[in-house]
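Undergrad: The following block contains the structure, expressed as structure tokens.
Protein chains: 2
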Amino acid sequence: MTTSPDSVVREFIAEHTPAFLDDLAAWLRIPSVSADPARAGEVRRSAEWLADKLRATGFPVAEVWETENGGLPAVFAEWPSGDASAPTVLVYGHHDVQPAAREDGWANDPFEPVVADGRLYGRGAADDKGQVFFHTLGVRAHLAATGRTAPAVNLKLLVEGEEESGSPHFGALIREHAERLAADVVIISDTGMWSESTPTVCTGMRGMLECQIDLYGPSQDIHSGSFGGAVPNPATEAARLVAGLHTPERRVAVPGFYEGVVELTAQERELFAELPFDEAEWLSVAKSRATLGEEGFSTLERIWARPTAEVNGIWGGYTGPGGKTIVPADAHLKLTFRLVAGQDVDKVRQSVTAWVAERLPAGIRHEIVFPGATRPCLTPLDHPALQSLARSMGRAFEQKILFTREGGSGPAADLQDVLGAPVLFLGISVPSDGWHSVGEKVELDLLAKGVETAAHLWADLAGSWDSTAR
Amino acid sequence: MTTSPDSVVREFIAEHTPAFLDDLAAWLRIPSVSADPARAGEVRRSAEWLADKLRATGFPVAEVWETENGGLPAVFAEWPSGDASAPTVLVYGHHDVQPAAREDGWANDPFEPVVADGRLYGRGAADDKGQVFFHTLGVRAHLAATGRTAPAVNLKLLVEGEEESGSPHFGALIREHAERLAADVVIISDTGMWSESTPTVCTGMRGMLECQIDLYGPSQDIHSGSFGGAVPNPATEAARLVAGLHTPERRVAVPGFYEGVVELTAQERELFAELPFDEAEWLSVAKSRATLGEEGFSTLERIWARPTAEVNGIWGGYTGPGGKTIVPADAHLKLTFRLVAGQDVDKVRQSVTAWVAERLPAGIRHEIVFPGATRPCLTPLDHPALQSLARSMGRAFEQKILFTREGGSGPAADLQDVLGAPVLFLGISVPSDGWHSVGEKVELDLLAKGVETAAHLWADLAGSWDSTAR
Chain L
309 MTTSPDSVVR
319 EFIAEHTPAF
329 LDDLAAWLRI
339 PSVSADPARA
349 GEVRRSAEWL
359 ADKLRATGFP
369 VAEVWETENG
379 GLPAVFAEWP
389 SGDASAPTVL
399 VYGHHDVQPA
409 AREDGWANDP
419 FEPVVADGRL
429 YGRGAADDKG
439 QVFFHTLGVR
449 AHLAATGRTA
459 PAVNLKLLVE
469 GEEESGSPHF
479 GALIREHAER
489 LAADVVIISD
499 TGMWSESTPT
509 VCTGMRGMLE
519 CQIDLYGPSQ
529 DIHSGSFGGA
539 VPNPATEAAR
549 LVAGLHTPER
559 RVAVPGFYEG
569 VVELTAQERE
579 LFAELPFDEA
589 EWLSVAKSRA
599 TLGEEGFSTL
609 ERIWARPTAE
619 VNGIWGGYTG
629 PGGKTIVPAD
639 AHLKLTFRLV
649 AGQDVDKVRQ
659 SVTAWVAERL
669 PAGIRHEIVF
679 PGATRPCLTP
689 LDHPALQSLA
699 RSMGRAFEQK
709 ILFTREGGSG
719 PAADLQDVLG
729 APVLFLGISV
739 PSDGWHSVGE
749 KVELDLLAKG
759 VETAAHLWAD
769 LAGSWDSTAR
Chain V
309 MTTSPDSVVR
319 EFIAEHTPAF
329 LDDLAAWLRI
339 PSVSADPARA
349 GEVRRSAEWL
359 ADKLRATGFP
369 VAEVWETENG
379 GLPAVFAEWP
389 SGDASAPTVL
399 VYGHHDVQPA
409 AREDGWANDP
419 FEPVVADGRL
429 YGRGAADDKG
439 QVFFHTLGVR
449 AHLAATGRTA
459 PAVNLKLLVE
469 GEEESGSPHF
479 GALIREHAER
489 LAADVVIISD
499 TGMWSESTPT
509 VCTGMRGMLE
519 CQIDLYGPSQ
529 DIHSGSFGGA
539 VPNPATEAAR
549 LVAGLHTPER
559 RVAVPGFYEG
569 VVELTAQERE
579 LFAELPFDEA
589 EWLSVAKSRA
599 TLGEEGFSTL
609 ERIWARPTAE
619 VNGIWGGYTG
629 PGGKTIVPAD
639 AHLKLTFRLV
649 AGQDVDKVRQ
659 SVTAWVAERL
669 PAGIRHEIVF
679 PGATRPCLTP
689 LDHPALQSLA
699 RSMGRAFEQK
709 ILFTREGGSG
719 PAADLQDVLG
729 APVLFLGISV
739 PSDGWHSVGE
749 KVELDLLAKG
759 VETAAHLWAD
769 LAGSWDSTAR
């Protein structure tokens with residue numbers, strides 16, 4: 309490590325930060341909520357905005373890619389190195405965001421970003437527009453520091469528009485464009501670090517299987533005095549399904565669910581234990597009053613390395629003011645199963661389907677759909693590209709980098725599988741950033757460290773990792 | 309039983325039916341919808357109309373009674389027997405009706421009654437104006453048949469105006485007027501019979517305890533990938549409560565719930581079994597595909613004589629289109645417990661409160677409220693007044709009278725408790741009458757049987773039941 313390039317990078321970033329933040333704010337103003345069909349046009353506008361911005365950044369190629377069946381568009385950009393031996397890097401992120409509305413409790417309009425106290429507030433500030441956008445300034449800082457006119461690596465960006473909806477068309481998209489996406493390494497820019505004072509590199513993500521179950525009992529709401537206690541109640545049956553999801557030890561009770569799970573190694577459990585985990589602080593970030601989970605595992609192990617079953621929504625019957633004495637006609641569940649390396653999405657889907665069918669009584673008709681699935685992924689701690697990433701991040705943060713995993717899910721495993729490339733995770737978000745919540749924000753100093761890490765990484769990767777040897 | 313008085317009664321009824329139906333139609337034209345604040349004036353007009361009509365019928369006392377807090381008025385009428393030893397009977401009914409509008413699908417204006425095919429169609433025809441009104445002709449037929457100038461019993465009528473709105477002021481009303489309402493027996497004229505071909509007397513109603521439970525986990529919705537599997541989820545816990553409400557045998561699992569329950573006698577079970585119950589037909593009325601309930605009991609026993617716990621509504625988390633990967637901040641349950649004779653409402657409330665509190669894990673805060681309660685009531689089959697009612701009905705219908713109970717709940721138990729009198733149910737409505745539904749009607753031949761039953765009942769009660777011995 310020399311002082312000179314690091315200072316050049318820092319000065320370049322400081323100089324360009326105001327314009328960079330103005331641009332990011334303009335992007336955050338586009339409410340690209342992929343879950344809301346009424347906002348499909350905004351997702352498209354977000355894609356077009358980004359493609360324009362990447363062209364302005366210097367990428368010679370920046371295209372809006374359509375997805376199949378009228379899905380929401382992704383953005384692809386490419387900037388060849390010019391060096392014959394340069395490795396190819398594909399950076400992944402997403403430009404769609406979670407739903408958000410002022411009425412949910414935001415201090416300001418979630419789509420009208422606000423800078424205050426060193427933070428940028430707004431839906432997508434951290435998840436994931438902010439963390440995609442730091443690469444635009446990062447690559448320019450890399451060029452400024454190295455004096456190059458093109459990156460030291462063949463740099464590709466793929467920014468999808470359906471991540472918050474379970475990436476339904478992402479697999480097909482990357483298979484269709486596998487040749488143009490071909491890379492030696494994939495950098496996922498959609499995760500976080502341990503904390504502002506404990507920078508970390510993430511080594512894997514959980515997968516996810518989304519599930520909606522609709523239960524139908526009487527053909528209309530019926531009087532609970534006249535009929536209650538003598539016919540099946542779909543709300544009761546929905547609740548019994550949920551209650552049956554877990555054993556008393558809070559393991560997932562669906563038979564076959566744990567098949568193939570890659571268990572934690574002793575080394576990983578030791579490294580996790582080095583992290584300054586403070587349960588009270590973690591609970592405060594989790595906005596929760598107590599921990600609860602699978603017996604025999606620590607909180608970090610539960611959220612990073614263990615599969616789960618979670619209820620995201622449940623509804624049925626009368627939910628207004630006062631009472632209504634009915635047996636409801638229907639009840640509904642939205643569930644997500646988080647999966648870890650080694651679990652097979654199709655097998656879990658089959659296990660859940662069979663389990664639900666056999667638990668419902670006669671008289672309850674059901675429908676079960678799995679609107680989306682994302683595979684888990686995991687990169688070994690000793691992979692050279694992972695070491696390169698940790699080194700670049702160490703230069704930006706000027707301290708030792710530890711390792712984590714991500715409990716959330718992204719299409720990392722698809723990229724790993726289709727492109728046959730290892731997946732690394734570069735994220736500067738912190739747990740307090742409020743992903744999917746009211747008041748989502750990004751810390752501006754960390755955003756700058758993200759830019760700086762990206763600025764170092766391309767030269768480090770090109771110089772230290774013999775991609776042809778993999 | 310002699311032929312003579314029965315023929316006199318029938319002739320008298322036949323002669324006066326046209327005028328009786330004209331009068332009933334006039335009352336049905338008053339849209340006394342208690343749920344609609346804009347129609348409070350119509351409810352008052354209905355009360356005044358009825359008081360006038362009762363005076364015209366011969367009742368020396370007929371008053372409109374106000375209810376507390378500006379509630380809707382009831383009607384009280386009284387016709388003393390003149391015989392020193394005459395028992396006192398209080399007939400209960402209501403003059404308010406459910407909402408109805410032509411746009412709901414009625415063939416005619418629901419407040420413009422129509423006679424067709426031996427039926428009188430209109431809102432309130434069966435529930436409950438028709439069944440209140442048959443007493444006006446009934447008492448005159450009784451006088452005609454017996455040659456009396458006043459009834460053989462001290463006859464009182466209480467016709468409330470808020471039954472379809474949950475009788476919010478009824479308890480206070482009867483406590484305030486307990487002395488004037490004092491009676492040896494209460495006749496509820498607001499129920500139905502098994503069917504047109506199987507006349508029955510109802511012997512009791514289930515009570516009800518309403519309950520709302522609100523569960524709070526994270527202080528806001530949190531990311532199910534980042535935190536799921538490590539903190540308690542209020543939707544999961546709400547579901548676990550519901551699932552825990554019943555044993556695998558579908559008995560209510562709350563400890564102490566069945567304390568005091570008056571079990572069915574062998575005679576009652578035998579008599580219930582004599583009813584021509586057709587499960588397929590019952591399921592079609594219940595709009596359900598299968599029966600399900602407490603093991604060891606028939607469908608009729610389950611809905612009439614067994615207490616239940618029913619989910620009327622459940623909600624928590626994301627319920628919109630698409631998915632939202634959250635651990636929800638809160639989840640909610642609306643439950644009703646149907647109670648049978650012998651159960652103590654306060655004890656059930658305490659049992660449920662304790663049961664909920666001990667089942668929730670650390671980290672889930674909860675609130676539990678019981679917005680309303682109605683006590684159960686039951687009159688034994690061998691009670692002399694019940695025998696008298698069955699006998700009178702047998703004369704009217706000229707066939708054997710069987711017995712039912714009512715699974716729903718009403719203010720009968722209040723009358724029983726406040727007045728210290730047994731409660732009987734005299735109703736001639738049938739399930740096809742469409743209470744609360746589009747096309748409500750009453751069968752004219754059954755309405756005449758109601759008049760006839762009332763005409764026999766007062767003499768039978770006075771002659772066969774020594775009320776001073778109770």
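Those protein sequences? They're chains L and V, same order as listed.
Residues 309 to 778 in the working numbering are what the first sequence lists, from first letter to last.
Residues 309 to 778 in the working numbering are what the second sequence lists, from first letter to last.
Built from N, CA and C at the ideal position, the CB exists for glycine as well.
Determine, for methionine 501 (chain L), whether the minimum Cβ-Cβ distance to residues of chain V falls below 8 Å.
TA: The residue you call residue 501 (chain L) lines up with position 193 of the first sequence. False, the Cβ-Cβ gap to chain V never drops below 8 Å.
Undergrad: Would you decide whether methionine 309 (chain V) is buried or exposed? Buried here means 16 or more other CB atoms lie within 10 Å of its CB.
TA: As a position in the second sequence, residue 309 (chain V) is number 1, starting the count at 1. With a pLDDT of 46 at methionine 309 (chain V), under the threshold of 50, the modelled position of that residue is not reliable, and the figure given next carries that caveat. Counting Cβ neighbours within 10 Å, methionine 309 (chain V) comes out exposed, since fewer than 16 surround it.
Undergrad: Quick one: Cα of phenylalanine 645 (chain L) to Cα of aspartate 690 (chain L), how far?
TA: Here residue 645 (chain L) is taken as the residue at index 337 of the first sequence, counted from 1. Here residue 690 (chain L) is taken as the residue at index 382 of the first sequence, counted from 1. In a straight line, the C-alpha of phenylalanine 645 (chain L) is about 29 Å away from that of aspartate 690 (chain L).
Undergrad: How far does the beta strand (DSSP E) with aspartate 522 (chain L) in it extend, from its first residue to its last?
TA: Start at 1 with the first residue of the first sequence, and residue 522 (chain L) comes out as number 214. Start and end: 515-524.
Undergrad: Is arginine 448 (chain L) closer than 8 Å to threonine 499 (chain L) when the C-beta atoms are compared?
TA: For the purposes of this step, residue 499 (chain L) is taken as residue 191 along the first sequence, with counting starting at 1. For the purposes of this step, residue 448 (chain L) is taken as residue 140 along the first sequence, with counting starting at 1. Result no, Cβ atoms of threonine 499 (chain L) and arginine 448 (chain L) do not sit closer than 8 Å.
Undergrad: Are the CB atoms of proline 730 (chain L) and threonine 687 (chain L) within a distance shorter than 8 Å?
TA: Along the first sequence, read from residue 1 onward, the residue named residue 687 (chain L) stands at position 379. Along the first sequence, read from residue 1 onward, the residue named residue 730 (chain L) stands at position 422. Yes, the pair counts as a contact, with Cβ atoms nearer than the cut-off.
Undergrad: Leucine 362 (chain L) lies in the alpha helix (DSSP H); which residues open and close that run?
TA: Numbered from its first residue, the first sequence carries residue 362 (chain L) at position 54. It spans 348-365 - the alpha helix (DSSP H) in which leucine 362 (chain L) sits, taken as one unbroken run.
Undergrad: So that I know if they touch, is there some Cβ in chain V lying closer than 8 Å to that of threonine 310 (chain L)?
TA: By one-based count along the first sequence, residue 310 (chain L) stands at place 2. The predicted position of threonine 310 (chain L) is uncertain, since its pLDDT is 47 and thus under 50; a value taken from the coordinates is nonetheless stated next. No, because no Cβ of chain V sits closer than 8 Å to the Cβ of threonine 310 (chain L).
Undergrad: Determine which residues share a DSSP beta bridge with asparagine 462 (chain V) and list them.
TA: Position 154 of the second sequence holds residue 462 (chain V). DSSP output for asparagine 462 (chain V) lists V:Thr396 as bridge partner(s).
Undergrad: Given that a residue counts as buried once 16 or more other Cβ atoms are within 10 Å of its Cβ, and exposed if not, what is leucine 584 (chain L)?
TA: In the first sequence, counting from the first residue as 1, residue 584 (chain L) sits at position 276. The sequence given here places proline at residue 584 (chain L); leucine does not occur at that position. Proline 584 (chain L) sits exposed, since fewer than 16 C-beta atoms from the chains shown fall within 10 Å of its C-beta.
Undergrad: With distances taken from CA atoms, which of V:Leu489, V:Glu589, V:Gly747 and V:Gln651 is nearest glutamate 411 (chain V)?
TA: As a position in the second sequence, residue 411 (chain V) is number 103, starting the count at 1. Minimum Cα distance to glutamate 411 (chain V) is reached at V:Gly747.
Undergrad: Given that lysine 757 (chain V) touches chain L, what residues does it touch there, using C-beta distances under 8 Å?
TA: Position 449 of the second sequence, counting from 1, holds the residue named residue 757 (chain V). Around lysine 757 (chain V), no beta-carbon contact reaches into chain L at under 8 Å, the shortest distance being about 23 Å.
Undergrad: Short of 7 Å in beta carbon distance, which residues of its chain neighbour aspartate 314 (chain L), apart from the five on each side in sequence? Order them along the chain.
TA: As a first step, residue 314 (chain L) must be located in the first sequence, where it is residue number 6. Correct list, in chain order: Arg703.
Undergrad: Just the Cα atoms here: how many angstroms apart are glycine 771 (chain V) and proline 395 (chain V)?
TA: Here residue 771 (chain V) corresponds to residue number 463 of the second sequence, with the count starting at 1. Here residue 395 (chain V) corresponds to residue number 87 of the second sequence, with the count starting at 1. Rounded to whole angstroms, glycine 771 (chain V) to proline 395 (chain V) spans 10 Å at the Cα level.
Undergrad: Can you tell me whether DSSP reads threonine 544 (chain V) as helix, strand or coil?
TA: In the second sequence, residue 544 (chain V) corresponds to position 236, counting from 1. Residue state, collapsed to three classes: helix.
Undergrad: So, arginine 558 (chain L) versus leucine 600 (chain L), is the Cβ gap smaller than 8 Å?
TA: Residue 558 (chain L) sits at position 250 when you count from the first residue of the first sequence. Residue 600 (chain L) sits at position 292 when you count from the first residue of the first sequence. Against a cut-off of 8 Å, the Cβ pair of leucine 600 (chain L) and arginine 558 (chain L) comes out as a contact.
Undergrad: Give the C-beta separation of glutamine 651 (chain L) and glycine 568 (chain L) to the nearest angstrom, bearing in mind that I take them to be a contact with Cβ-Cβ under 8 Å.
TA: As a working mapping, residue 651 (chain L) is identified with position 343 in the first sequence. As a working mapping, residue 568 (chain L) is identified with position 260 in the first sequence. Right, their Cβ atoms sit about 5 Å apart.
Undergrad: Beta-carbon separation of glycine 631 (chain V) and asparagine 620 (chain L) under 8 Å?
TA: Along the second sequence, one-based indexing puts residue 631 (chain V) at 323. Along the first sequence, one-based indexing puts residue 620 (chain L) at 312. Contact annotation: glycine 631 (chain V) and asparagine 620 (chain L) have beta-carbon atoms nearer than 8 Å.
Undergrad: Alpha carbon to alpha carbon, how far is proline 684 (chain V) from arginine 610 (chain L)? Give it in angstroms, no decimals.
TA: Against the first sequence, residue 610 (chain L) aligns to sequence position 302. Against the second sequence, residue 684 (chain V) aligns to sequence position 376. The alpha-carbon atoms of arginine 610 (chain L) and proline 684 (chain V) are separated by roughly 49 Å.
Undergrad: Under 6 Å Cβ to Cβ from leucine 765 (chain L), same chain only, skipping five residues before and after it: list those, please.
TA: Along the first sequence, read from residue 1 onward, the residue named residue 765 (chain L) stands at position 457. The residues are Ser700.
Undergrad: Shorter than 8 Å from the beta carbon of isoleucine 377 (chain L) to some beta carbon of chain V?
TA: Position 69 of the first sequence holds residue 377 (chain L). Note on identity: in this sequence residue 377 (chain L) is asparagine, with isoleucine being the wrong assignment. For asparagine 377 (chain L), the answer is no, since every Cβ of chain V falls outside 8 Å of its Cβ.
Undergrad: Between the Cα of serine 740 (chain V) and those of V:Pro388, V:Leu428 and V:Leu332, spot the shortest distance and give me the residue it belongs to.
TA: Numbered from 1 along the second sequence, position 432 holds the residue referred to as residue 740 (chain V). The candidate whose alpha carbon is nearest that of serine 740 (chain V) is V:Leu428.
Undergrad: Could you pull out every residue in the same chain whose Cβ sits closer than 8 Å to the Cβ of glutamate 374 (chain V), ignoring the five residues on either side in sequence?
TA: Within the second sequence, numbered from 1, the residue matching residue 374 (chain V) stands at position 66. Contacts found: Pro381.
Undergrad: Can you pull the chain L neighbours of proline 719 (chain V), defined as C-beta to C-beta under 8 Å?
TA: For this step, residue 719 (chain V) is matched to residue 411 along the second sequence. Near proline 719 (chain V) there are no residues of chain L at all, since even the closest Cβ is about 13 Å away, more than 8 Å.
Undergrad: Inspect the beta-carbon positions of leucine 723 (chain L) and isoleucine 482 (chain L) and report whether they are closer than 8 Å.
TA: Within the first sequence, residue 723 (chain L) is the residue found at index 415, counting from 1. Within the first sequence, residue 482 (chain L) is the residue found at index 174, counting from 1. Their beta carbons are under 8 Å apart, which means leucine 723 (chain L) touches isoleucine 482 (chain L) by this criterion.
Undergrad: Do we get a CB-CB distance below 8 Å when we pair proline 476 (chain L) with the residues of chain V?
TA: For the purposes of this step, residue 476 (chain L) is identified with residue 168 of the first sequence, where counting begins at 1. It does not; no Cβ of chain V falls within 8 Å.
Undergrad: Does chain L have any CB closer than 8 Å to the CB of asparagine 416 (chain V)?
TA: Numbered from its first residue, the second sequence carries residue 416 (chain V) at position 108. Chain L contact via Cβ: absent.
Undergrad: Which one of L:Phe384, L:Thr712 and L:Thr454 has the shortest CA to CA distance from methionine 513 (chain L)?
TA: Taking the first sequence and counting its residues from 1, one reaches residue 513 (chain L) at position 205. Closest in C-alpha terms to methionine 513 (chain L), from the list L:Phe384, L:Thr712 and L:Thr454, comes L:Thr712.
Undergrad: Beta-carbon within less than 7 Å of valine 653 (chain L)'s beta-carbon, same chain only, minus the 5 sequence neighbours each way: which residues are those?
TA: What you label residue 653 (chain L) is simply residue 345 of the first sequence in a count that begins at 1. Answer for valine 653 (chain L): Gly515, Leu517, Leu647, Ala681 and Arg683, listed in chain order.
Undergrad: Can you tell me whether proline 345 (chain L) is buried or exposed? The criterion is at least 16 other CB atoms within 10 Å of its CB, across all chains shown.
TA: Reading the first sequence from its first residue, position 37 is the one you call residue 345 (chain L). Proline 345 (chain L) comes out exposed.
Undergrad: In chain V, what lies closer than 8 Å to leucine 600 (chain L) by C-beta?
TA: Counting from one through the first sequence, the residue named residue 600 (chain L) turns up at place 292. Neighbours of leucine 600 (chain L) on chain V, chain order: Ala538, Val539, Pro540, Pro669, Ala670 and Gly671.
Undergrad: Taking any Cβ of chain L, which residues in the stretch 615-635 of chain V have a Cβ under 9 Å from it, in chain order?
TA: For the stretch 615-635 of chain V, the set of residues with a beta-carbon nearer than 9 Å to any beta-carbon of chain L comprises Pro615, Thr616, Ala617, Glu618, Val619, Asn620, Gly621, Ile622, Trp623, Gly624, Gly625, Tyr626, Thr627, Gly628, Pro629, Gly630, Gly631, Lys632, Thr633, Ile634 and Val635, in chain order.
Undergrad: Check whether the Cβ atoms of alanine 490 (chain V) and leucine 727 (chain V) lie closer than 8 Å to each other.
TA: Translated into positions along the second sequence, residue 490 (chain V) becomes position 182. Translated into positions along the second sequence, residue 727 (chain V) becomes position 419. Closer than 8 Å, so yes.
Undergrad: What residues in the stretch 732-744 of chain L have a beta carbon less than 9 Å from any beta carbon of chain V?
TA: Under the 9 Å Cβ criterion, the stretch 732-744 of chain L contributes Pro739, Gly742, Trp743 and His744.
Undergrad: Counting C-beta neighbours from all protein chains within 10 Å, is the total for tryptophan 587 (chain L) 16 or more, i.e. buried, or is it exposed?
TA: Position 279 of the first sequence holds residue 587 (chain L). According to the sequence as given, residue 587 (chain L) is glutamate; it is not tryptophan. Glutamate 587 (chain L) is exposed by the Cβ-count criterion.
Undergrad: Are the C-beta atoms of phenylalanine 792 (chain V) and some chain L residue less than 8 Å apart?
TA: A question about residue 792 (chain V) goes unanswered here, because the residues of chain V that appear run from 309 up to 778.
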